[in-house]
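Structure first, commentary second.
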Amino acid sequence: MRRPDAGFSLIEIAIAAGVFVVLALGAFEAVRLLAQGVPQLRARSSAYASLERLGAQLRAEARSASAIWTSSLSAGTAADGCVQLDFYGGDAAGPAFWSYRAFPNHAASGAVPGDALFRAAGTAPIAACDAAHPGDVALRGLRAAPQLAAIPPQQLAAHQDPYLAVADSPFLAATIPATAPVALGVAGPSGTPVAGGNATIELRLDTAAASRVVDLVAGTFPGSFTAVLHYTCTERCDVGHDDGTAKTLTTCAIGWQTAWSQRVTWNDFSSNPDGSLSAPSGWFIAGTFVFTYSGTRADGGTDTLVRTAAATNWDAARDYGTSPPDRNAPDGSLAGSFAPWDVRSEPGAAWYADFLPYVASGERAALAAEKQRCDAVAAQGTAGGFYANG
Amino acid sequence: MRTGERGFTLLEVVVCAGILALVSAASLGAFAAIARNAAPPAARDLALAAADNALARARAAVAYASSPTLDGTALLANRTWALVPGTTSALAGGELDAPAACGRTARQPLRLPLTATYDPATERFTVVVGYPRDPCRVGADGTIPSDDLATVRRSAILPPSVYPPGQTVTREVAPPARM
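Protein sequence lines, in the order shown, are assigned to chains D and C.
According to the working numbering, the first sequence is numbered sequentially starting from 1.
According to the working numbering, the second sequence is numbered sequentially starting from 1001.
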């Protein structure tokens, strides 16, 4: 035992100093390693953030694109090993094209580094894998060429996760139909029409910082669908086609031309209280309703078209022996009965309204149809346009 | 009892040093955990990317396939829903950058559980993807312990497309009155 007033012995001091030195060295090394790793951590964090930003940017750009497609990998030179992802969008300002391209076979120190992903943009199609085309670096540090895959609609349900190689889309129906490429209405660099909008593009990017897969689908579908308008000829168009001097009908007027009229006394006499006899009588009238259409030609001129419909209340099909003309027809209508007025001086439209109930049954349908056309044209007037059937 | 002028014994110094070492070790562990948490939330980002990708594929499917229920015409008679109603499950993959804090040097594969739910009534499509809170606990094959699972969620209304791209639609219309 040490004495109560004794200090540390040399051996105690030595041991304590040794322990302290070991701890200090350890702490120093730990701090040194931490300090040494900070720039690397910072660079890695920055690279990671760049990849994340690019992924978000690609998704945002896809939403504004009408079509996304991959250019032919045979484009450019074989030494490039080029991979190109193309976007197309169009609005009132005109078409817009932009591409992401990588040239993995290039040296990292070259003018077009092989470990970089470039973005090029223009208002005209961008030539595939043209390393001379100016572009900005969108991402550095690629460890391998970007992998691009186009997934047609009918293969979406069978899609496999690119990392696990197992089906990852059980939420998609297996009956999604194939979709043909949609013409974008623009010509590519070679002059051939550009088509797309019928596939989902899967892009895989591998950098030293991380690996990421981005599925891109165009947000604005080009042309979407083709509408085929089947023109259904209704009473408005079935007036009479004249392709040579086509015109838009704007007005219709109805008139009447009497052909003959005769007052008839029917031999179905009845006795009066004073012993005299009375015979029923009335008018049989025949004539033509005249429908005069007016139309405006493309050159601004006016053309007319006249269509006629014969009308008479003398119904040859009616058996007047059993159904005298002073009474209703067997079907209860007035068709073929006496017209009770000498109304030849009435205006056409009024005469039509008055005379139609008496018109012979065989003529009423044609007459009513023409009147319906006339009314439709008059109702449309100069408005033009279409009537959609639902 | 020690007197006031008495020094520390070697035993006291050693015990003290031991305590100090333990505290230091714990501090280092805490620093490591802090450093790990301060690193980019790569696992969560991966889960978000997987959810976004699932949503993109669903959106594409809906755009390309049309519903037989909206128009009711023969045009759509042979079509079907693009999305499977109800809940389906799958796995999404990913690779996590070598978590040095976990003592690994190679990239860590991840098997992210993905659950998709589609409700035809509301036309809402929801994707939930799981990810590990602590990447160090992920198994070598990428399996995430169930008690370490966190989730991200993506959701969107995806109404069926009546006229998908490339589809020819026939409409019966009346032309303007011409003669």
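All C-beta atoms, glycine included, are put in the ideal place defined by N, C-alpha and C.
Just so we're clear, the structure is a prediction, and the values are computed from it rather than from any experiment.
- What D:Phe-291 touches in chain C, judged by beta-carbon distance under 7 Å, is nothing: the nearest beta carbon there is about 12 Å away.
- Inter-residue distance for D:His-159 and D:Ser-169 is about 6 Å (C-alpha atoms, whole angstroms).
- The beta carbon of D:Ala-183 sits closer than 6 Å to the beta carbons of Pro-193 and Ala-195 from its chain, once the five residues preceding and following it are set aside; these are given in chain order.
- Between the alpha carbons of C:Val-1152 and D:Ala-116 lies a distance of about 31 Å.
- Listed in chain order, the non-local C-beta contacts of C:Ala-1092 below 7 Å within the same chain comprise Ala-1050, Leu-1112, Leu-1114 and Val-1129, local neighbours out to five positions each way being set aside.
- When DSSP states are grouped into helix, strand and coil, C:Val-1014 belongs to the helix group.
- The beta-carbon separation of D:Arg-101 and D:Ala-127, rounded to 10 Å, does not stay under the 8 Å limit for a contact.
- Leaving aside the five residues that flank C:Gly-1103 on each side, none in its chain has a CB nearer than 6 Å to its CB.
- Not flagged as an interface residue toward chain C: D:Phe-87, since no C-beta distance is shorter than 9 Å.
- Judged by DSSP secondary structure, D:Ala-138 falls within the beta strand (DSSP E) whose first and last residues are 136 to 139.
- Per DSSP, the unbroken beta strand (DSSP E) holding C:Leu-1096 starts and ends at 1086 to 1096.
- Under DSSP, D:Gly-185 shares a beta bridge with no residue.
- Each residue's CA atom was taken as its position, placing C:Ala-1061 and C:Asp-1119 some 15 Å apart.
- With respect to D:Phe-355, D:Ser-281 sits apart: the two C-beta atoms are not nearer than 9 Å.
- In this structure, D:Ile-201 sits near D:Ala-150, with a CB-CB distance shorter than 9 Å.
- The region 264 to 274 of chain D makes no contact with the region 291 to 300 of chain D; the number of CB pairs closer than 8 Å stays below 3.
- Chain-order list of chain D residues neighbouring C:Val-1084: Pro-170, Phe-171, Leu-172 and Ala-173, by C-beta distance under 8 Å.
- Cβ contact annotation for D:Asp-268 (same chain, cutoff 8 Å, sequence separation greater than five): Ala-279, Pro-280, Pro-324 and Asp-326, in chain order.
- Remark: three or more beta-carbon pairs, one from each stretch, lie closer than 8 Å, so the region 246 to 261 of chain D and the region 374 to 382 of chain D are flagged as touching.
- In this structure, DSSP gives C:Val-1062 a helical state, which the three-state scheme calls helix.
- Under DSSP, C:Ala-1050 shares a beta bridge with no residue.
- Counting only the Cα atoms, C:Pro-1159 lies some 57 Å from D:Ala-360.
- The DSSP-derived three-state label of C:Leu-1114 is strand.
- By the beta-carbon neighbour count (other beta carbons within 10 angstroms, threshold 16), D:Ala-67 is buried.
- In the structure shown, C:Asp-1045 adopts helical secondary structure according to DSSP, grouped into three states.
- In the structure shown, D:Trp-266 adopts coil according to DSSP, grouped into three states.
- Here DSSP, grouped into helix, strand and coil, assigns D:Asp-354 to helix.
- Excluding sequence positions up to five before and after D:Arg-212, its CB lies within less than 6 Å of the CB of Leu-51, Gly-55 and Leu-205, all in the same chain and listed in chain order.
- Taking a Cβ-Cβ threshold of 7 Å, the residues of chain C close to D:Glu-12 are Leu-1010, in chain order.
- In this structure, DSSP gives D:Glu-29 a helical state, which the three-state scheme calls helix.
- Per DSSP, the continuous alpha helix (DSSP H) segment holding D:Asp-375 begins and ends at 361 to 380.
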